[in-house]
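> Okay, so the sequence shown: first residue is 2 according to this note's numbering, each after it adds one.
Here a beta-carbon is modelled for each residue, glycine too, at the ideal position from N, C-alpha and C.
Take this structure, written in structure tokens, and hold onto it; I'll ask about it next.
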Amino acid sequence: NPNVKVIAAPCVGRCEQAPVAVVHQYPVLFATTDKVAAAVKNNLTTHPMAVDSAVFDPAALAEKGVSPQGNNQPVSPEYVGYESYCAQGGYALAKEIADGKRDAESIIKAMENSGLRGLGGAGFPAGRKWRIVKDQVAPKLMAVNIDEGEPGTFKDRTYLERDPHRFLEGLLIAANVVGIDACYIYLRDEYHGCRELLEVELAKLQANPPFKLPSIELRRGAGAYICGEESAMIESIEGKRGEPRMRPPYIAQVGLFGRPTLEHNFETLYWVRDIVARGPEWFSSFGRHDRKGLRSYSVSGRVKNPGVKLAPAGITIQELIDEYCGGMQDGHQFYGYLPGGASGGILPATMNDIPLDFDTLQPYGCFIGSAAVMVFGHQDKARDMALNV
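Below you can see the structure in the form of structure tokens.
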């Protein structure tokens, strides 16, 4: 067909369903030539809209040790919409805080005591970040990074597609506690379905707000890997080329449009509601090998059941493969892994007992980053993996 152009594409954030082809905006999962040809023939060029009809409780999944997503999910899974979320008690906690029934200091202390750290890669303590920005002079802004450009990462998309309002409530809790005037959500360009969903659900929230909302603006990512770095993202939101800024000053003091800025990854805000509602001890009670908290590992590669695995922080790669991924694929022996995506380094299978968490991998020249775990077998080569990513 002379009207069809086939080009190589970078990671589209669906490594658990690889190989993936994208026909305009329509993802073809576990792609074959026949599937792609059918998508073209049937003119499947837009991302299918998700259906609002589900119940999704990540805290219950964590307590049961159940993963939120495997590799057999549809392109657009069912999700918890605004009405369903409110009917299940959603935004009640954020309203209490907005109405002054809970003081900001107690919320910040809960965040500090939980041990929650930035889950986009840097790992800066969330509560400390809130305290720093709260003490700055108004007006203050918030920038939320959902660029998720690290190859092998898809956890933010997974949660956003299923439970957008838990994230938005976390955003609003942070905004009220810190004193934020306007919020900017920076969403990965390739996440067309997430954009449509967020536009629809934000419109519902703003049309029938449970309390006075700050300005919330959805911005389209520039498609650049470097915009996963917080200051490069801020440059991009401002309409400039996405390049990291020199520090100091830090963005908590001089950030977006020159104002003090609270910057967070999607998943960090996603856990705020449950931490505040259940208490910091609930979150910190999870963990293995002297680590605390929960981590969402985006697992791809030669395992039987890839996908987002919600597991205790500090779990080892061997435990993750055996307990959460169903073991290695038939015919493959564990040979090595990337613990933190393309930038997190490569380790051999003999180093399978290192806790996967912040600060545990640096002695080996690696880091956990956004927890994009890629597993390869004895039929693969580390050199090819390095070249591919």
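Give me the residue from E149, I252, G128, A387 with the minimum Cα distance to G14.
E149
> Taking only the alpha-carbon atoms, compute the straight-line gap between L62 and A312 and give it to the nearest angstrom.
10 angstroms
> If I follow the unbroken alpha helix (DSSP H) through H193, where does it start and stop?
193 to 208
> Going by Cα to Cα distance, which pick from E191, D385, Q207 is closest to A223?
E191
> Hey, quick one: how far does the alpha helix (DSSP H) through S232 stretch, first residue to last?
231 to 238
> Hey, how far is the Cα of R279 from the Cα of Y92?
15 angstroms
> Y338: which of A314, F359, D381, S297 sits nearest, CA to CA?
Out of A314, F359, D381, S297, the CA that lies nearest to the CA of Y338 is found in D381.
> What's the C-alpha gap between A208 and G256?
29 angstroms
> Does the beta-carbon of E268 have 16 or more other beta-carbons within 10 angstroms, so that it is buried, or is it exposed?
buried
> For G256, name the three-state secondary structure that DSSP assigns.
coil
> Taking the straight line between their C-alpha atoms, what separation do you get for G259 and E218?
17 angstroms
> In angstroms with no decimal places, state the Cα-to-Cα distance between P356 and F212.
42 angstroms
> Do P140 and the ligand ADP come close, with the Cβ less than 8 angstroms from some heavy atom?
Among the components of this structure there are no ligands whatsoever, and the ligand ADP is therefore not found.
> Taking its Cβ as the centre, do 16 or more other Cβ atoms sit within 10 Å of R296, making it buried, or is it exposed?
buried
> Let me check one thing: in DSSP terms, what residues is L188 bridge-paired to?
Residue pairing from DSSP places L188 in a beta bridge opposite I147, R221.
> Kindly indicate which three-state DSSP category A19 falls into: helix, strand or coil?
coil
> Going by C-alpha to C-alpha distance, which of I347, G378, M375 sits closest to G366?
Comparing alpha carbon positions, the residue from I347, G378, M375 closest to G366 is I347.
> What does DSSP give as the partner residues of F377 in its beta bridges?
G337
> Between P59 and D275, is the Cβ-Cβ spacing less than 9 angstroms?
In terms of Cβ geometry, P59 and D275 form a close pair [threshold 9 angstroms].
> Which two residues bound the contiguous alpha helix (DSSP H) that contains A63?
59 to 65
> Let me confirm a value: R292 is counted as buried when at least 16 other C-beta atoms fall within 10 Å, else exposed. Which label applies?
buried
> To the nearest angstrom, how far is the alpha carbon of R103 from that of L188?
Approximately 31 angstroms between the Cα atoms of the pair.
> Among H379, I316, V390, which one has its Cα closest to the Cα of G345?
V390
> Please classify N266: does DSSP put it in a helix, a strand, or coil?
strand
> How far does the beta strand (DSSP E) with S297 in it extend, from its first residue to its last?
295 to 302
> In chain order, what residues of the same chain lie with their CB nearer than 7 angstroms to the CB of G180, ignoring the 5 residues before and after it?
K135, A139, K141
> When the Cα of T47 is compared with those of V23, K65, A39, V56, which residue comes out closest?
Among V23, K65, A39, V56, the Cα nearest to that of T47 belongs to V23.
> Report the three-state DSSP secondary structure of A183 (helix, strand or coil).
Three-state result, A183: strand.
> Q334: buried (16+ other C-beta within 10 angstroms of its C-beta) or exposed?
Note on Q334: under 16 other CB atoms within 10 angstroms of its CB, so exposed under the neighbour-count rule.
> Between the Cα of Q330 and the Cα atoms of V376, M234, E197, which residue gives the shortest distance?
V376
> So is A204 buried or exposed if we call it buried at 16+ other beta carbons inside 10 Å?
Exposed, since its Cβ has fewer than 16 Cβ neighbours within 10 Å.
> Can you give the beta carbon distance from F284 to S107, rounded, assuming they're within the 8 angstroms contact cut?
The Cβ separation is near 16 angstroms, so there is no contact.
> Tell me, which residues are paired with P356 by DSSP?
Partner(s): none; P356 has no beta bridge.
> Can you tell which of P250, R248, A95 has the C-alpha that lies nearest to the C-alpha of L214?
A95
> Rounded to whole angstroms, what is the Cα-Cα separation between G153 and V374?
7 angstroms
> Tell me the residue span of the alpha helix (DSSP H) that contains G346.
Careful: G346 lies outside any alpha helix (DSSP H) and carries neither H nor E.
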